Structures are given as structure tokens and as C-alpha cells.
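> Here the protein sequences come in this chain order: A and B. Per the working numbering, the first sequence starts with residue 1, numbered consecutively. Per the working numbering, the second sequence starts with residue 461, numbered consecutively. Every residue gets a Cβ at the ideal spot worked out from N, C-alpha and C, and that includes glycine. Being a predicted model, the structure only gives us computed values, none of them experimental. Dropping a structure here in C-alpha cells format, bear with me for questions.
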Amino acid sequence: MAEYKGMAQPSRAGEKDMRKIHMEPIPDELKPEKALEYLDEYRKKFRSFVMAMESCTKCGQCAENCHTYLGTRDPNNIPTNRAELIRKIYRRYFTLEGRWFGNLVGAEDISLDVIEQWYSYFWQCSECRRCAHVCPFGIDTCEVTMAGRQILHWLGITPKLHADVGGAMEKVGNHTGLPKPGIIDTLEFMAEECMDEFGIDIEFPVDKPDADIMYVPSSADFLLNPYTLMGAGMFFKYIGANWTIPSTVTEAGNFGLLFDQRYTQRHNVMRLLNAAQNLNVKKIVWGECGHGWRAAKMYVPSLADRPIRWDITHLHDEVAYLINTNQLKLDPSKNSKPTTLHDPCNYVRACGLNDNMRTCIKASVANYVEMSPNGADNFCCGGGSGILFDDKEMYQKRIELSWKKAEQVRATGIGKDGNGILCAPCSICKAQLYPMVEEHDLGVEVKGLIDLVGMALDFK
Amino acid sequence: MANIEINGQQVEIDEDGFIVNPEQWDENVAAYFCKDEGIEELTDEHWKVINYLRDYYQQFEVAPMIRKLCKETGCNLKKIYELFPSGPAKGACKVAGLPKPTGCV
Chain A
1 MAEYKGMAQP SRAGEKDMRK IHMEPIPDEL KPEKALEYLD EYRKKFRSFV
51 MAMESCTKCG QCAENCHTYL GTRDPNNIPT NRAELIRKIY RRYFTLEGRW
101 FGNLVGAEDI SLDVIEQWYS YFWQCSECRR CAHVCPFGID TCEVTMAGRQ
151 ILHWLGITPK LHADVGGAME KVGNHTGLPK PGIIDTLEFM AEECMDEFGI
201 DIEFPVDKPD ADIMYVPSSA DFLLNPYTLM GAGMFFKYIG ANWTIPSTVT
251 EAGNFGLLFD QRYTQRHNVM RLLNAAQNLN VKKIVWGECG HGWRAAKMYV
301 PSLADRPIRW DITHLHDEVA YLINTNQLKL DPSKNSKPTT LHDPCNYVRA
351 CGLNDNMRTC IKASVANYVE MSPNGADNFC CGGGSGILFD DKEMYQKRIE
401 LSWKKAEQVR ATGIGKDGNG ILCAPCSICK AQLYPMVEEH DLGVEVKGLI
451 DLVGMALDFK
Chain B
461 MANIEINGQQ VEIDEDGFIV NPEQWDENVA AYFCKDEGIE ELTDEHWKVI
511 NYLRDYYQQF EVAPMIRKLC KETGCNLKKI YELFPSGPAK GACKVAGLPK
561 PTGCV
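Take a look at the structure:
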């Protein structure tokens, strides 16, 4: 189903797919009462959620700061109104005025229609947190989307894309379903390509015990982003690292953050820690994945079931440190095309990668143009939180959701001669922007950041 | 999930219209999926891509990197989009009877 009473919705996972990720779908007639039960549980547990429910004054600051609203002009996509879809239920059942005065104070009874409305609108939000960034009260509306998606998941309503990713993660340890022989085959191919294109002899070690560095790439790199894999490989070769890629968790992403923080996200964390322990590595270095880096940097310590023995750093932090200490020789003339940087939301609004990304890119490209706004003020690519749906109605939404990004890229002028580079160092951003730069006719090619670093490395 | 009938055979397809059991795939199924894709007739070039995808999937249980698909079949990405308008993952993989690639693709 791609539509419910005129509202666009992503195609949803069937019962079989939901059971693979341990959810037993709730029958429709029981959904409303169960939704209330789960909402009650959620509000008792999360003060951030209650704050969003209780404190908003509807000042409207978030409206023009949301790329989803700017692209769709649908009032329900104004962040405070999106939160209102759940707030009206919260008010009805959990506040005195709502219980007494009902719809006079904007309260509404729970119903299947409301739940379907949640499914449509909480999956048009990118969880980019630009609304939180500008909210004068500091309300993080993303937390409301997270609550809505978690409750929907417990009811058995999850997009097929996200449920399949959860299932693949559990089955083989990565989102794209790569078994170990497939991982090795692709990495051998990457080694050949590095030799053919750059004349550099690289080995991509898999499951090598006692390595200093366990590199966790995004599994999407194995299908779509060859230069991201090659760039990382060339960087590790350059610094002479003793490194390895773990086959049991070949995944920088953690879709659990996006639809099921209680089970899926937590399960992936244990998988990571088990891999680090079994391979006896000294340090974990993260690949290019925005939400996944937020999940790793900000959530692993609190979700882990044991003390963390490893430093977990991002590849861009490693590169920037070596640039700042004059230990990397980079030749920016190898990347001479006009280049701009799209800041992945989770890097800049959750993980403080802003400066280090700029250190990397400015040292690696000859013609760098800053996008405006940028850094923590940047707009999302429109695919944030993995809303990379391709059923007709939702794909159309993706075009609308990337409208603001397209405007920003155009304003840099880098694509005017058709040879610009749009650097987007996150797998979701890449998967969203590959088709969107064509849809919006931007005259740019999408690349990762370590891709550009790898190409600029001077091995002489 | 739904069952569709192709040449008398019941074939299960998922919510995205991809085949659920790759072993049910045959030339009739490929021809059926072509209609969705707006492909009038499968040419030798189509088959080169389909056969490569199927061989790779049988060996590795996953679709190949797109760059490898292009290199091994001699079709660049533009050519693949000409052959399969929905692209390598959503077009070519579907016609070749592979499950839909998941994740950030």
C-alpha cells in the first residue's frame, strides 16, 4: 500500500518480514488500545519526549527551517504540527485538560486513522534535527519522530525497506545482505581496481586477528560506492596500518536508531563489540555513514552490555589529525573540479565532525566552494533516516524533500559547466543524491570524502 | 506478498514486486517482469546482464557491485539504464529474479 486516504506511505513489511525481526504484528482492531499502552510506556521513560509534548508554544520557528516542509508545503510536515499528530493523543489521555475538555483543547481520540497518519508523516521526516537546532526551547522534535516510529514498529507497522535491513543485519551482519564470500570477492575486485586506476598495490584484509584497527565500512559501499572503499584502502596503505574489516559486522549503519531502538539498535551494538573482542583489535575506526556514526559515537556507551575497551573514532577524524600534524602528503591538484561539501546532518548536528571534514576536503581538492548554509546549519539531503523509498508516491516525495538541497547546490555554481563534485560523505546521502542530482539536473557528480582524500594522496 | 500466475505457474512476489523465491525464476518470469519495466523484447545485451547477475547471485547470494557488473558485462551505467530503465538494482535485478537489494542503495 503506497497510500492511505490520500496520504503517501512507504510500502510496509509483511508479517513474515516482521517476524524475522521479532515483532508479532497486532491485529487492526487492537492497534488503537495497544498504541496508547505503548505511548504511555514511552512517555514514562523519555523526558525528552515529554518535554516536546508539554513545552511547545507553536512559535513556528521550525517551519521554514524544515526541508520536508519547504519541499512539500504540507502543513503536517511543519515539525511542530508533525509532533501534534501524537501530541493530540497525548493530550487526550495523559493531561487533565484533554481528559476534561477533549477537542476544545485540541485533544483527539486514538483511532486507526490517526495511526495511519503517523505512518505517513513520521516516515516523511528525515530525523535531521534542524528543527531542534533552531527551537528556542531546545525541543528535539526528532525524538517525537523516533517515538512515533518505535510505537508503529511495536504495532507491526514498519517500512519494508527498514524491516528488510533489520533482517539482513541479523542474518549476515550488514544491511545489504553480503555474506563473507561476497565481501571478499568485492574487496579483491577493489584491490584490482586500485592497481588498474592508481597503480597502487593494496590488500583489503578481512577478519585478520590482532589488527590494530578494525575498520567498519558501510555495506552500501560494496554495491554503490567503490571509491569510498578504495579511498579508505589507500589511506590505510599510506599510513602503513595493520588493519582489518570484520565480516560479522561489515556495517557502519545501524537502522535500529531509525525504527527500533529497543531491540535492533541494541543487537547491532553487541555484534560490534563481539567482533572487536573476537578479532582482538586495538581500535575501531568508522566509515562514511551519518546516522551510523551518531549511533556508534553517541549511543554505544549507553547501549553496551559491558565496559567498552576500544576507542571508537571516525575515519575523517583520523585523516584530519594526520593532516593537522603534517603527516599526510596530499596533492589537491589531483582533484581539480569545482567541489562543494554537503554536511551529513548527523555528523554536524550530533557528532561535531564539522571542522575535521573541512580540514580533509580543503587539503584534498583544488577548487573548494562552501555551500550556504553549511555546517550545523546545513539542510538535509532529503533521504535522512533512510527514507530512500522507491515506490512511486514516496519517490516523488524524495524529489520534493531534496528541493532545498538542490537549491543550495545550484547556488554554489559548481555544476554550471556540468563538471562539479558534490561531496556527500554518508551512504544515505549518497544513495539519495545519486538519483536526485539527475532529477534536479545539477551538473554534479556525487562522491564521498575519503574518496577525494584517497585520490589526492601522494605516494611518491 | 502476493501470488501471480505466469504461464500456469504460481509465483510469489513481495511488496516491491520482486520474486520471493529466486528458484522459481525462468524465462517466462523474466518476460513478465519486462512488461513492468517497459522493455519490449529481451535482446542479447539484456541477457548478458541477466545471466551475469544470476551467475553471480548463485555463487555469492548477493548482487555484485555495480562497477563490477559494468566491467564484466562491458555495459557502462548509462547503457544499463538504457536496457533497464529502473536501473541496475530495481530494474536488472528484478528481471533477473534476484531479491531486491536492501540498505542504502
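In chain A, which residues lie less than 9 Å from ILE526 (chain B) when you measure between Cβ atoms?
Counted from its first residue, the second sequence places residue 526 (chain B) at position 66. For ILE526 (chain B), the residues of chain A that pass the 9 Å Cβ criterion are LEU223, LEU224 and PRO226, in the order they occur in the chain.
> Since ASN324 (chain A) is in the alpha helix (DSSP H), which residue starts that stretch and which ends it?
Taking the first residue of the first sequence as 1, we reach residue 324 (chain A) at position 324. Counting along the chain, the alpha helix (DSSP H) containing ASN324 (chain A) begins and ends at 315–324.
> Using the Cα positions of CYS351 (chain A) and CYS426 (chain A), report the straight-line distance between them to the nearest angstrom.
Locating residue 351 (chain A) in the first sequence gives position 351, counting from the first residue. Locating residue 426 (chain A) in the first sequence gives position 426, counting from the first residue. Cα to Cα, CYS351 (chain A) sits roughly 13 Å from CYS426 (chain A).
> Could you please give me the residues that DSSP links to ILE245 (chain A) through a beta bridge?
Working through the first sequence from its first residue, we reach residue 245 (chain A) at position 245. Partner(s): A:VAL206.
> Does HIS22 (chain A) pass the burial test, meaning 16 or more other C-beta atoms within 10 Å, or should it be called exposed?
Here residue 22 (chain A) corresponds to residue number 22 of the first sequence, with the count starting at 1. Label assigned to HIS22 (chain A): exposed.
> Could you work out which residues of chain A lie near ASP486 (chain B), taking near to mean beta carbons separated by less than 7 Å?
The residue labelled residue 486 (chain B) in the question sits at position 26 within the second sequence. Residues of chain A passing the Cβ test: none, with the nearest at roughly 23 Å.
> Classify ASP391 (chain A) as buried or exposed, calling it buried when 16 or more other Cβ atoms lie within 10 Å of its own Cβ.
Walking along the first sequence from the start, residue 391 (chain A) turns up at place 391. By the neighbour-count rule (16 or more Cβ atoms within 10 Å), ASP391 (chain A) is buried.
> Would the beta-carbon of SER364 (chain A) fall within 7 Å of that of LEU433 (chain A)?
On the first sequence, residue 364 (chain A) is found 364 positions in, with the first residue counted as 1. On the first sequence, residue 433 (chain A) is found 433 positions in, with the first residue counted as 1. The answer is no: Cβ separation not under 7 Å.
> Can you pull the DSSP bridge partners for LEU330 (chain A)?
As a position in the first sequence, residue 330 (chain A) is number 330, starting the count at 1. Note: LEU330 (chain A) sits in a beta bridge opposite A:LEU457.
> Please confirm whether VAL555 (chain B) has its beta-carbon closer than 7 Å to some beta-carbon of chain A.
On the second sequence, position 95 is the one that residue 555 (chain B) refers to. Among the CB atoms of chain A, none fall inside 7 Å of the CB of VAL555 (chain B).
> Flag LYS160 (chain A) as yes if its beta-carbon sits less than 7 Å from any beta-carbon of chain B, otherwise no.
By 1-based counting over the first sequence, the position of residue 160 (chain A) is 160. Cβ-Cβ to chain B under 7 Å: yes for LYS160 (chain A).
> Between the Cα of MET298 (chain A) and those of A:ASN346, A:THR325, A:GLN277 and A:VAL144, spot the shortest distance and give me the residue it belongs to.
Residue 298 (chain A) sits at position 298 when you count from the first residue of the first sequence. Looking at the Cα atoms, A:ASN346 is the closest of the given residues.
> Please report the residue range of the alpha helix (DSSP H) in which GLY292 (chain A) lies.
Numbered from 1 along the first sequence, position 292 holds the residue referred to as residue 292 (chain A). 290–294 is the extent of the alpha helix (DSSP H) around GLY292 (chain A).
> Judging by CA-CA distance, which residue of A:ILE115, A:ARG87, A:MET53 and A:ASN103 is the nearest neighbour of LYS34 (chain A)?
Taking the first sequence and counting its residues from 1, one reaches residue 34 (chain A) at position 34. The residue with the shortest Cα to Cα distance from LYS34 (chain A) is A:ILE115.
> When you compare the CB positions of CYS360 (chain A) and HIS316 (chain A), do they come within less than 7 Å of one another, or not?
For the purposes of this step, residue 360 (chain A) is taken as the residue at position 360 of the first sequence. For the purposes of this step, residue 316 (chain A) is taken as the residue at position 316 of the first sequence. Against a cut-off of 7 Å, the Cβ pair of HIS316 (chain A) and CYS360 (chain A) comes out as a contact.
> Of all the CB atoms in chain A, is at least one closer than 7 Å to the CB of PHE544 (chain B)?
Position 84 of the second sequence holds residue 544 (chain B). Closer than 7 Å: no.
> Starting from ASN463 (chain B), follow the beta strand (DSSP E) in both directions and report where the run begins and ends.
One-based indexing of the second sequence puts residue 463 (chain B) at position 3. Segment 462–466, the beta strand (DSSP E) holding ASN463 (chain B).
> Does the beta-carbon of THR503 (chain B) have 16 or more other beta-carbons within 10 angstroms, so that it is buried, or is it exposed?
As a working note, residue 503 (chain B) is residue 43 in the second sequence. THR503 (chain B) comes out exposed.
> By DSSP, does ALA8 (chain A) sit in helix, in strand, or in coil?
For the purposes of this step, residue 8 (chain A) is taken as residue 8 along the first sequence, with counting starting at 1. Looking at ALA8 (chain A) - three-state DSSP - the assignment turns out to be strand.
> If distances are taken between C-alpha atoms only, which option among A:GLY167, A:ASN335, A:THR412 and A:GLU15 comes closest to TYR263 (chain A)?
For the purposes of this step, residue 263 (chain A) is taken as the residue at position 263 of the first sequence. Considering only alpha carbons, the answer is A:GLY167.
> Is it true that the CB of VAL348 (chain A) sits closer than 7 Å to the CB of PHE354 (chain A)?
Position 354 of the first sequence, counted from the start, is the residue given in the question as residue 354 (chain A). Position 348 of the first sequence, counted from the start, is the residue given in the question as residue 348 (chain A). The question names Phe, yet the displayed sequence has Asn at residue 354 (chain A). Closer than 7 Å, so yes.
> Can MET234 (chain A) and LEU457 (chain A) be called in contact, C-beta distance under 7 Å?
Sequence index remark: in the first sequence, residue 234 (chain A) carries index 234 (1-based). Sequence index remark: in the first sequence, residue 457 (chain A) carries index 457 (1-based). For MET234 (chain A) and LEU457 (chain A), yes; Cβs fall inside 7 Å.
> For chain A, check one thing: does any of its Cβ atoms lie closer than 7 Å to the Cβ of PHE566 (chain B)?
The question about residue 566 (chain B) has no answer here: the residues shown for chain B are numbered 461 through 565.
> So what does DSSP say about LYS560 (chain B), is it helix, strand or coil?
Sequence index remark: in the second sequence, residue 560 (chain B) carries index 100 (1-based). Correct three-state label for LYS560 (chain B): coil.
> Is there at least one Cβ from chain B nearer than 7 Å to ILE428 (chain A)'s Cβ?
Mapped onto the first sequence, residue 428 (chain A) falls at position 428. Answer yes: the Cβ-Cβ gap between ILE428 (chain A) and chain B drops below 7 Å somewhere.
> Tell me TYR368 (chain A)'s beta-bridge partners as DSSP assigns them.
For this step, residue 368 (chain A) is matched to residue 368 along the first sequence. Partner(s): A:THR339.
> In three-state DSSP terms, what is TYR299 (chain A)?
As a first step, residue 299 (chain A) must be located in the first sequence, where it is residue number 299. The answer is helix: DSSP assigns TYR299 (chain A) an H, G or I state.
> Closest to TYR368 (chain A) by C-alpha separation, out of A:LEU96, A:ASN335 and A:SER247, would be which residue?
Locating residue 368 (chain A) in the first sequence gives position 368, where the first residue counts as 1. Of the candidates A:LEU96, A:ASN335 and A:SER247, the one whose C-alpha sits nearest the C-alpha of TYR368 (chain A) is A:ASN335.
> Can the beta-carbon of CYS429 (chain A) be found less than 7 Å from the beta-carbon of THR339 (chain A)?
Your numbering for residue 429 (chain A) matches position 429 in the first sequence. Your numbering for residue 339 (chain A) matches position 339 in the first sequence. No, these two residues do not count as a Cβ contact at 7 Å.
> Can you have a look at GLU84 (chain A) and say buried or exposed, based on whether 16 or more other CB atoms are within 10 angstroms of its CB?
Taking the first sequence and counting its residues from 1, one reaches residue 84 (chain A) at position 84. Looking at its Cβ environment, which holds 16 or more other Cβ atoms inside 10 Å, GLU84 (chain A) is buried.
> Note down the Cα distance separating LYS58 (chain A) from TYR395 (chain A), rounded to an integer number of angstroms.
If you number the first sequence from 1, residue 58 (chain A) lands on position 58. If you number the first sequence from 1, residue 395 (chain A) lands on position 395. Taking the straight line joining both Cα atoms gives about 30 Å.
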